[in-house]
Amino acid sequence: MAFLFKRNPKTPPDLIRALNEQVVKLDQTIDNKKYQDEAARYLTQVKLILHGDDDNDPQPDQISQLAQEVYSSDCLYLLIYSLKKLDFDSRKDVLILFSTLLRRQTGNKSPTVDYLINHKPEILIMLLRGPENQEIGLISGQILRDCIKFEVINRFILHHQIFWNYFKYCQISIFEIATDAFTTLHDLLTIHKKLVSEFLASNYDTFTVQINQLLQSKNYVTKRQSVRLLAELVLQRQNQYFLNKYFDDTNNLKLIMLLLSDKSKNLQIEAFHIFKFFVAKPKKSQKVLDILIKNKENFLELFKNFDITYANDSNLIEERDYILGEIQKLPDIDKIRAA
Amino acid sequence: MRINSADELEVCEEVGRGAFGIVYRGLIKSTNEEVAIKQIDLENEHADLIEVNKEIQIISECRIPQITQFKGCFVKQYKLWVIMEYVNGGSLFDLLRPGPVQNEFAISAIVKEILIALLYLHNQGKIHRDLKSQNILLNRLGEVKLTDFGVSTQLSSNFSRRNTTVGTPFWMAPEVILNNNGGHSFKADIWSLGCCSYELFTGKPPLQNAFTPMKALRQISKCQADQDFIQLIGLNEMTEISNCFKDFLYQCFLVDPKERSSAMKLLKHKFITQYSNSKSEANKSKELKKLITRKQLWDQAHHVSKVQNFYVPTEIKLNQNRWSDDKQTEPSQQNQPKTIHFDMSSIICDPSVDGAAGEAGMVSLSAYRDLTPPTSEGTGNSTPASKTTSATSTSTPPPNHSKEQSPKDTPLQLHYNSLTRISTRQENIKKNLQPELHKIINKVFYKLESKNNLLTSQYDSLVALNDNIISLVSFIQDSSATATSSSSSPQDKGSSPKVLICSYLRYFIKELMREGPSEGRTMLQKLIIPSVIEAKGLATISGRSSSNKLSSSGPTQFDEIEQSLMESWIEKMKE
Numbered sequence: 001m002a003f004l005f006k007r008n009p010k011t012p013p014d015l016i017r018a019l020n021e022q023v024v025k026l027d028q029t030i031d032n033k034k035y036q037d038e039a040a041r042y043l044t045q046v047k048l049i050l051h052g053d054d055d056n057d058p059q060p061d062q063i064s065q066l067a068q069e070v071y072s073s074d075c076l077y078l079l080i081y082s083l084k085k086l087d088f089d090s091r092k093d094v095l096i097l098f099s100t101l102l103r104r105q106t107g108n109k110s111p112t113v114d115y116l117i118n119h120k121p122e123i124l125i126m127l128l129r130g131p132e133n134q135e136i137g138l139i140s141g142q143i144l145r146d147c148i149k150f151e152v153i154n155r156f157i158l159h160h161q162i163f164w165n166y167f168k169y170c171q172i173s174i175f176e177i178a179t180d181a182f183t184t185l186h187d188l189l190t191i192h193k194k195l196v197s198e199f200l201a202s203n204y205d206t207f208t209v210q211i212n213q214l215l216q217s218k219n220y221v222t223k224r225q226s227v228r229l230l231a232e233l234v235l236q237r238q239n240q241y242f243l244n245k246y247f248d249d250t251n252n253l254k255l256i257m258l259l260l261s262d263k264s265k266n267l268q269i270e271a272f273h274i275f276k277f278f279v280a281k282p283k284k285s286q287k288v289l290d291i292l293i294k295n296k297e298n299f300l301e302l303f304k305n306f307d308i309t310y311a312n313d314s315n316l317i318e319e320r321d322y323i324l325g326e327i328q329k330l331p332d333i334d335k336i337r338a339a
Numbered sequence: 001m002r003i004n005s006a007d008e009l010e011v012c013e014e015v016g017r018g019a020f021g022i023v024y025r026g027l028i029k030s031t032n033e034e035v036a037i038k039q040i041d042l043e044n045e046h047a048d049l050i051e052v053n054k055e056i057q058i059i060s061e062c063r064i065p066q067i068t069q070f071k072g073c074f075v076k077q078y079k080l081w082v083i084m085e086y087v088n089g090g091s092l093f094d095l096l097r098p099g100p101v102q103n104e105f106a107i108s109a110i111v112k113e114i115l116i117a118l119l120y121l122h123n124q125g126k127i128h129r130d131l132k133s134q135n136i137l138l139n140r141l142g143e144v145k146l147t148d149f150g151v152s153t154q155l156s157s158n159f160s161r162r163n164t165t166v167g168t169p170f171w172m173a174p175e176v177i178l179n180n181n182g183g184h185s186f187k188a189d190i191w192s193l194g195c196c197s198y199e200l201f202t203g204k205p206p207l208q209n210a211f212t213p214m215k216a217l218r219q220i221s222k223c224q225a226d227q228d229f230i231q232l233i234g235l236n237e238m239t240e241i242s243n244c245f246k247d248f249l250y251q252c253f254l255v256d257p258k259e260r261s262s263a264m265k266l267l268k269h270k271f272i273t274q275y276s277n278s279k280s281e282a283n284k285s286k287e288l289k290k291l292i293t294r295k296q297l298w299d300q301a302h303h304v305s306k307v308q309n310f311y312v313p314t315e316i317k318l319n320q321n322r323w324s325d326d327k328q329t330e331p332s333q334q335n336q337p338k339t340i341h342f343d344m345s346s347i348i349c350d351p352s353v354d355g356a357a358g359e360a361g362m363v364s365l366s367a368y369r370d371l372t373p374p375t376s377e378g379t380g381n382s383t384p385a386s387k388t389t390s391a392t393s394t395s396t397p398p399p400n401h402s403k404e405q406s407p408k409d410t411p412l413q414l415h416y417n418s419l420t421r422i423s424t425r426q427e428n429i430k431k432n433l434q435p436e437l438h439k440i441i442n443k444v445f446y447k448l449e450s451k452n453n454l455l456t457s458q459y460d461s462l463v464a465l466n467d468n469i470i471s472l473v474s475f476i477q478d479s480s481a482t483a484t485s486s487s488s489s490p491q492d493k494g495s496s497p498k499v500l501i502c503s504y505l506r507y508f509i510k511e512l513m514r515e516g517p518s519e520g521r522t523m524l525q526k527l528i529i530p531s532v533i534e535a536k537g538l539a540t541i542s543g544r545s546s547s548n549k550l551s552s553s554g555p556t557q558f559d560e561i562e563q564s565l566m567e568s569w570i571e572k573m574k575e
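As they're listed, the protein sequences go chains Y and H. Note that full-length UniProt numbering gives residue 325 to position 325 of the first sequence, counting from 1, and the numbers run on in steps of one. Note that full-length UniProt numbering gives residue 235 to position 235 of the second sequence, counting from 1, and the numbers run on in steps of one.
Take a look at the structure:
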């Protein structure tokens, strides 16, 4: 290995200690080019221990020594805290270190997950705030999504107030930061289904207000991503409680109808995937039923010209025909008035 | 500096076209810096938001001179604008058009830069996955830049693999095609790099001269031992190549990805290091600039005023698009959905849901009002959109071809005109004819190419066709003077020399105009002859319009038929 050069730390723990030393200095000075370069060099060596290279395979005992020192010296905390001050390419090495450690298991436990939850949850909070900083938003997002794969971390985040910031983060004006934040939001709400179903049940009101705001964004991408996320959520049977409430709410129906009449064909189709449940729901609330009846003619008109042929999706066509049939079965408004 | 809105930019000419977007050259207003603007239509069925996000994530994380720099992106209505560094020297594909490079020093210089880019990517767990000559650009300073990360991927660890088959046939590694060994890793890029190096030296990627893309795939996937591929491409038999370069290629073409060298290792290969002293470094950019100059001279000699097509989408993607594309593009454009006005008067915002919801209700109402006018706008838009579909769709050369022959500069008419002025000195005629024909062909070629995404094979066929046309400007003995149509120039009848290509075209047109004995003939007439001439010509010759007959068959059936007809026609012309 490359530890033969002078000034280079001899053992993995030495290497981590040397790295920490440089990272701490980064924080204290303004002109930190020198420390950046040193830190970058050590991070490259860390990567070599973790992944090996053409001639060397990674050694489990070295990795284990390295990991021990990382936990005991709070190396991850220091790195994330100074992430912004590290060199652009070094930040990606931090991502590699972080996610390799996350995947590492002893027995059937992940020591890194344990460390993050029980010792330094501050690290997760700093990562969650990533989108607030353009420089490190994407890296934080990637590390965070690796963390979310573990249910305990996902649970920790959903129960933290900062989670709700993500509805704001995904409307940030910098496109890639916003979409990255949305990807994180999406993962938080779709990976661990049981956890999410509990969460949605106990936070129905706040969640609906937030997602409905995204549905009305002026930004086409935000709109499309959020309607797709919503469609994904209502498709989950575990989310039963949430669904019952959602499809009885006329305000939700209104927003979906607005999307159905959008100029964008994609938005129309995505909206249809939610709208169909309003119509297909066996016990509709009276208010929802009223609106459906009142707009019967409009719906018939809309679905007559609803162009889904290009989607090449036979399911979609079947569903459209089914919904069309259901709407036709609704009573005519004139007859109701007459009666 | 980061670009965050369209206001900061001035959009100039189109420089390329992909499956889901158009690339323009642009200028940053404040600095006058040139940029490439890729506009991705997110409403397009092929523009997968997740894929697009992934590409942006990858390019925004690359900061190295050997990779085109990301300068920002933003959403404008239904389009995503991605701003990239503009590379003004063209792609290696363009630069190879005048012929192979053969100068190993220049090849080594280019390959080294690509290796640096690959090392950078691979170190971060990124795979390019579509390395080919079209995606390697040169600027006028002689710098090499890797571009188009449309199908690239980020691995979550060095040990993970990807199982998707992407890439372009001639440059694809066996394990990518076979999807074996648990998917492919970084090493797939190294194989492709080998193909690019080979392409630089010979002018064509391996196997392109011998096989169609799909057959090439099969051939590559059959390679099991290292020598199989080497033999297939005849590397051992190549004589003008140095041993050092040969060995470099062997390293790239090792069938087992585990055995194949990494970018790091190849950078230390003698083929790269032997030129890496300070003196050669200085000569490098000079050598590479020479390639650009060579291309410019060649363009001038061949009257090609083509813009650089530096964004070439993955061929497989194009094919997939074409397969799924059929018939649907036009109807969907025409049936612009009507705006429906829902009656929402009965919906009252639930006051208990708190202020934010109330506010949201207001916003949505104004949005609703905004929706009312666009109906007319929508239909207005649809007309130009449907007009351009023929240009956007990937391969429909014939309609454009016929459009190109507008009455003003119909090549045929020009031939007739020049023919009437025939002098007795044949060489003089040739001198006059050839450049004129050249001009016409170049114009046709340029139009055809700029309006259509031509496949490599189509492109090559067209080039061959052009060459054939030019070489057919030769004279023939007229065996039966009376056979010529009286429509040309009666006074010259029998005495004037015949130019082979002109006679060919005349007979072709005459035969074509003849009353269609079959459905196919009528279709051909409709496809080839410009509408103006057709109206006149067909009326006089056949006395009835063929359009009635044709209207029964839908326009969508045409595309497939006309394509195959065009191909067989080109084949015939080549014979």
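For every residue, glycine included, the Cβ atom is placed at its ideal position computed from N, Cα and C.
Original post:
Below 9 Å between beta carbons: does that hold for Y/Ser285 and Y/Gln240?
Top reply: It is not a contact, given that the beta carbons lie outside the stated cut-off.
Original post:
Can you list the residues of chain H that Y/Arg224 reaches, using a CB-CB cut of under 9 Å?
Top reply: Neighbours of Y/Arg224 on chain H, chain order: Leu42, Leu49.
Subject >> Backbone CA spacing between H/Leu249 and H/Ser285 [nearest angstrom] >> reply: Rounded to whole angstroms, the separation of the alpha carbons of H/Ser285 and H/Leu249 is 23 Å.
Subject >> Helix, strand or coil at H/Leu465 according to DSSP, with G and I counted as helix >> reply: H/Leu465 falls in the helix class under three-state DSSP.
**OP:** Could you check how far apart the C-beta atoms of Y/Ile143 and Y/Ser73 are, in whole angstroms? I think they sit under 8 Å.
**Re:** Contact between Y/Ile143 and Y/Ser73 is ruled out by a C-beta separation of about 19 Å, above the 8 Å threshold.
**OP:** Quick one: give me the first and last residue of the alpha helix (DSSP H) that Y/Asp61 is part of.
**Re:** Y/Asp61 -> alpha helix (DSSP H) spans 60-72.
**OP:** Check whether the Cβ atoms of Y/Glu176 and Y/Arg228 sit closer than 9 Å, and answer yes or no.
**Re:** No. Outside cutoff.
Original post:
Nearest to Y/Gln62 by alpha carbon, out of Y/Lys92, Y/Leu76, Y/Asp14, Y/Leu79?
Top reply: Answer by Cα proximity: Y/Asp14.
Original post:
What do you reckon, are the CB atoms on H/Gln251 and H/Ser261 nearer than 9 Å?
Top reply: Going by C-beta atoms, H/Gln251 is nearer than 9 Å to H/Ser261.
Original post:
In its own chain, which residues sit with a C-beta less than 6 Å from the C-beta of H/Ser450, not counting the 5 before and 5 after it?
Top reply: Cβ contact annotation for H/Ser450 (same chain, cutoff 6 Å, sequence separation greater than five): none.
**OP:** Using a Cβ-Cβ cut-off of 9 Å, state whether H/Arg506 counts as contacting chain Y.
**Re:** It does not; no Cβ of chain Y falls within 9 Å.
**OP:** Taking C-beta pairs closer than 8 Å, name the residues in chain H that Y/Leu138 reaches, listed in chain order.
**Re:** Near Y/Leu138 (Cβ distances below 8 Å), the residues of chain H are Gln57, Ser60, Glu61.
Original post:
Is Y/Lys109 helix, strand or coil when you go by DSSP?
Top reply: If DSSP states are grouped into helix, strand and coil, Y/Lys109 belongs with the strands.
Original post:
Quick one: Cα of H/Asn442 to Cα of H/His302, how far?
Top reply: Taking the CA atoms as reference points, H/Asn442 sits about 8 Å from H/His302.
Original post:
Can we say the segment 216-229 of chain H touches the segment 127-134 of chain H, given the rule of at least three CB pairs closer than 8 Å?
Top reply: No, the segment 216-229 of chain H does not touch the segment 127-134 of chain H.
Original post:
Can you pull the DSSP bridge partners for H/Val87?
Top reply: Residue pairing by DSSP leaves H/Val87 without any beta bridge partner.
**OP:** Could you round the C-beta distance between Y/His12 and Y/Leu97 to whole angstroms and report it? I think they count as a contact, below 8 Å.
**Re:** Here residue 12 of chain Y turns out to be Pro, not His, going by the sequence shown. Between Y/Pro12 and Y/Leu97 a beta carbon distance of about 12 Å is seen, past the 8 Å cut, so the two are scored as non-contacting.
Subject >> Any C-beta of chain Y under 9 Å from that of residue 577 of chain H >> reply: Outside the displayed range of chain H (1 to 575) lies residue 577 of chain H, so it cannot be described from this structure.
Original post:
What are the residues that DSSP puts in a beta bridge with Y/Phe299?
Top reply: The partner list for Y/Phe299 (beta bridge, DSSP) is empty, contrary to what the question assumes.
Original post:
Counting only beta-carbon atoms, is H/Ser276 nearer than 9 Å to chain Y?
Top reply: Judged by the 9 Å Cβ criterion, H/Ser276 is not in contact with chain Y.
**OP:** Spell out whether any CB of chain Y is found under 9 Å from the CB atom of H/Gly125.
**Re:** The beta carbon of H/Gly125 falls within 9 Å of a beta carbon belonging to chain Y, placing the residue at that interface.
**OP:** Between the Cα of Y/Lys294 and those of Y/Lys218, Y/Leu259, Y/Phe199, Y/Asp332, spot the shortest distance and give me the residue it belongs to.
**Re:** Looking at Y/Lys218, Y/Leu259, Y/Phe199, Y/Asp332, the one whose alpha-carbon comes closest to that of Y/Lys294 is Y/Asp332.
Original post:
With a cut-off of 9 Å, does the C-beta of Y/Ser264 fall near any C-beta of chain H?
Top reply: Interface residue, yes.
Subject >> As assigned by DSSP and simplified to three states, the class of Y/Phe275 >> reply: Y/Phe275 falls in the helix class under three-state DSSP.
Subject >> Rounded Cβ spacing between H/Met1 and H/Val35 (contact assumed at less than 8 Å) >> reply: Rounded, the Cβ-Cβ distance is 11 Å, inconsistent with contact.
**OP:** Please list the residues of the segment 184-197 of chain H that have a C-beta atom closer than 8 Å to any C-beta atom in chain Y, keeping them in chain order.
**Re:** Taking 8 Å as the Cβ-Cβ cut-off against chain Y, none of the residues of the segment 184-197 of chain H qualify.
**OP:** Please say whether H/Pro213 and H/Phe170 have beta carbons closer to each other than 9 Å?
**Re:** Against a cut-off of 9 Å, the Cβ pair of H/Pro213 and H/Phe170 comes out as a contact.
**OP:** With distances taken Cα to Cα, identify the nearest neighbour of H/Ile501 among H/Asn452, H/Thr456, H/Tyr459, H/Leu433.
**Re:** Here the closest residue by C-alpha is H/Leu433.
Original post:
Cβ of Y/Phe306 within 9 Å of Cβ of Y/Phe277?
Top reply: Not closer than 9 Å, so no.
Original post:
What distance in whole Å lies between the Cβ atoms of H/Gly90 and H/Ile292, which are believed to be in contact at a cut-off of 8 Å?
Top reply: Contact flag correct, Cβ pair sits at about 7 Å.
Original post:
Given that a residue counts as buried once 16 or more other Cβ atoms are within 10 Å of its Cβ, and exposed if not, what is H/Glu511?
Top reply: The residue in question, H/Glu511, is exposed, as its Cβ has fewer than 16 Cβ neighbours within 10 Å.
**OP:** Specify, as a first and last residue, the run of the alpha helix (DSSP H) that Y/Val94 falls within.
**Re:** 88-103 is the extent of the alpha helix (DSSP H) around Y/Val94.
Original post:
So, do the segment 267-275 of chain H and the segment 95-110 of chain H have three or more beta carbon pairs nearer to each other than 8 Å?
Top reply: Contact holds: three or more Cβ-Cβ distances are below 8 Å.
Original post:
Taking the continuous beta strand (DSSP E) assigned at H/Ala36, which residues delimit it?
Top reply: Unbroken beta strand (DSSP E) run through H/Ala36: 34-41.
Subject >> Interface residues of chain Y facing H/Met264 [CB-CB closer than 8 Å] >> reply: Correct list: Asp53, Asp54.
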